[in-house]
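Participant: No gaps in the numbering here: position 209 of the sequence shown is 209 in the UniProt record's numbering, and each next residue is one more. From the three backbone atoms N, C-alpha and C, an ideal C-beta is built for every residue, glycine too. These numbers were taken from a predicted model, which means no experiment stands behind them. Quick one: the structure is below, questions incoming.
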Amino acid sequence: MSAGAAPEQDTVDWLGRPVSCGDCPHDEIRHEGRCDLGRVCVRDRRSKRIGNFFAANPDLATRYLDHPYFEVRVLAARHASVFALTPLLTDPEPDVRAMAAYRLPIARILPLQHDPDRKVRAVVAQRVEGATLVAMFGDEDYLVRILAVRRAPPDALPIAMSDPDPQVRCEVVQRIGEEFLPAMAVDDNPLVRLAVAERLPSAQLLALAADPDLRVRYVVAERGETAALVKLIDDPDPEVQAKARARWADLSIGKTPA
């Protein structure tokens, strides 16, 4: 082991057994500096050391795709030939399936849109297109739906306007056509309405001037036109009122009411 490497007791495999170079099958590459106990080692339990090994020896990755330790399979899959990855689509470990989904051609990963683990479906949502991506608007996990909404064509987003999770609806607001924003201005969640207020054309903000949430009214005061400002210059919230009056003055609409 080279100077500065980890202590001997720290070099153990995934079962907690000590690792040594004496019985290593890669003795030949150790002399070439492509493995180093405690730093670059496929038999170590630490993912960084395993990853270092495959980064230095990508040609050896394929032979480790069926290793019993899932971290080895994940990191091997990152470097192995893509032609060897198809069997990993049914690997029992979701991290392995996710890596396969990340690297395989899109046509090969379509069955994983129904994977039981959300991290796998999340990778799929970041890669598929068209009808397959839109179908993922119906995923049971809101994070997967967010990823799908972020990538789907804007003209498909009205399907997700009534998503049960407000975080998804906020993402919809960011990308949907302006003609749909008025319908989302009556959303029951204030964060969704706030997102609408930040995108809605200023001439249409009057509808939100009486919003029960002061954050929404503040944005209306920042962006609204004359009719909206008139509604807010005596707002019960002092910050909203101050912003509305300042805008009134800046726009030279008239003298700020006393």
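#1: Please report the straight-line C-alpha distance between M12 and T62, rounded to a whole angstrom.
#2: Just grab the DSSP bridge partners of V40 for me.
#3: Tell me the rounded alpha-carbon separation between E8 and M161.
#4: Kindly indicate the opening and closing residues of the alpha helix (DSSP H) around M136.
#5: Taking L232 and V240 to be in contact with their CB atoms under 8 Å, please state how far apart those CB atoms are, rounded to whole angstroms.
#6: Measuring only the C-alpha atoms, how far is E178 from T132?
#7: Leaving out five residues on either side along the sequence, give the residues of the same chain with a beta carbon under 8 Å from the beta carbon of E225.
#8: Is the separation between the beta-carbon of R150 and that of D163 shorter than 8 Å?
#9: Rounding to the nearest angstrom, what Cα-Cα distance links P182 and F137 in this structure?
#10: Could you please give the first and the last residue of the uninterrupted alpha helix (DSSP H) stretch that includes Y64?
#11: Which class does P236 belong to by DSSP, given the choice of helix, strand or coil?
#12: Which one of V19, P111, Q174 has the shortest CA to CA distance from L89?
#13: Tell whether a beta-carbon distance below 8 Å holds between D91 and R73.
#14: Measure how close the beta-carbons of D141 and R118 come, nearest whole angstrom, since I'm counting them as under 8 Å.
Facilitator: Quick answer:
#1: To locate residue 12, count along the sequence shown from 1; it is residue 12. To locate residue 62, count along the sequence shown from 1; it is residue 62. The sequence given here has Val at residue 12, not Met. So the alpha carbons of these two residues sit roughly 23 Å apart.
#2: Working through the sequence shown from its first residue, we reach residue 40 at position 40. DSSP, once it has assigned bridges, lists D36 as partnering V40.
#3: Within the sequence shown, the letter at position 8 stands for residue 8. Within the sequence shown, the letter at position 161 stands for residue 161. Low per-residue confidence applies at E8: pLDDT is 48, beneath 50, and the placement is therefore not dependable, though the value from the model is reported in the following sentence. Each residue's alpha carbon lies about 57 Å from the other.
#4: Mapped onto the sequence shown, residue 136 falls at position 136. Counting along the chain, M136 falls outside any alpha helix (DSSP H), and DSSP gives it neither H nor E.
#5: The sequence position of residue 232 within the sequence shown is 232, counting from 1. The sequence position of residue 240 within the sequence shown is 240, counting from 1. At roughly 6 Å, the Cβ-Cβ gap stays under 8 Å, so L232 and V240 are in contact.
#6: Here residue 178 refers to the residue found at position 178 when the sequence shown is read from its first residue. Here residue 132 refers to the residue found at position 132 when the sequence shown is read from its first residue. Rounded to whole angstroms, E178 to T132 spans 25 Å at the Cα level.
#7: As a working mapping, residue 225 is identified with position 225 in the sequence shown. Counting only Cβ-Cβ distances below 8 Å, and skipping sequence neighbours, we find S202, A203, L205, L206.
#8: By 1-based counting over the sequence shown, the position of residue 150 is 150. By 1-based counting over the sequence shown, the position of residue 163 is 163. No, these two residues do not count as a Cβ contact at 8 Å.
#9: By 1-based counting over the sequence shown, the position of residue 182 is 182. By 1-based counting over the sequence shown, the position of residue 137 is 137. Near 22 Å, if we compare the C-alpha coordinates of F137 and P182.
#10: The residue you call residue 64 lines up with position 64 of the sequence shown. Premise fails: Y64 is in no alpha helix (DSSP H) and is neither H nor E.
#11: On the sequence shown, position 236 is the one that residue 236 refers to. It is coil, neither helix nor strand.
#12: Here residue 89 refers to the residue found at position 89 when the sequence shown is read from its first residue. Of V19, P111, Q174, the residue nearest in Cα terms is P111.
#13: For the purposes of this step, residue 91 is taken as the residue at position 91 of the sequence shown. For the purposes of this step, residue 73 is taken as the residue at position 73 of the sequence shown. Yes, the pair counts as a contact, with Cβ atoms nearer than the cut-off.
#14: Counting from one through the sequence shown, the residue named residue 141 turns up at place 141. Counting from one through the sequence shown, the residue named residue 118 turns up at place 118. That belief holds up - the Cβ atoms of D141 and R118 are roughly 4 Å apart, short of 8 Å.
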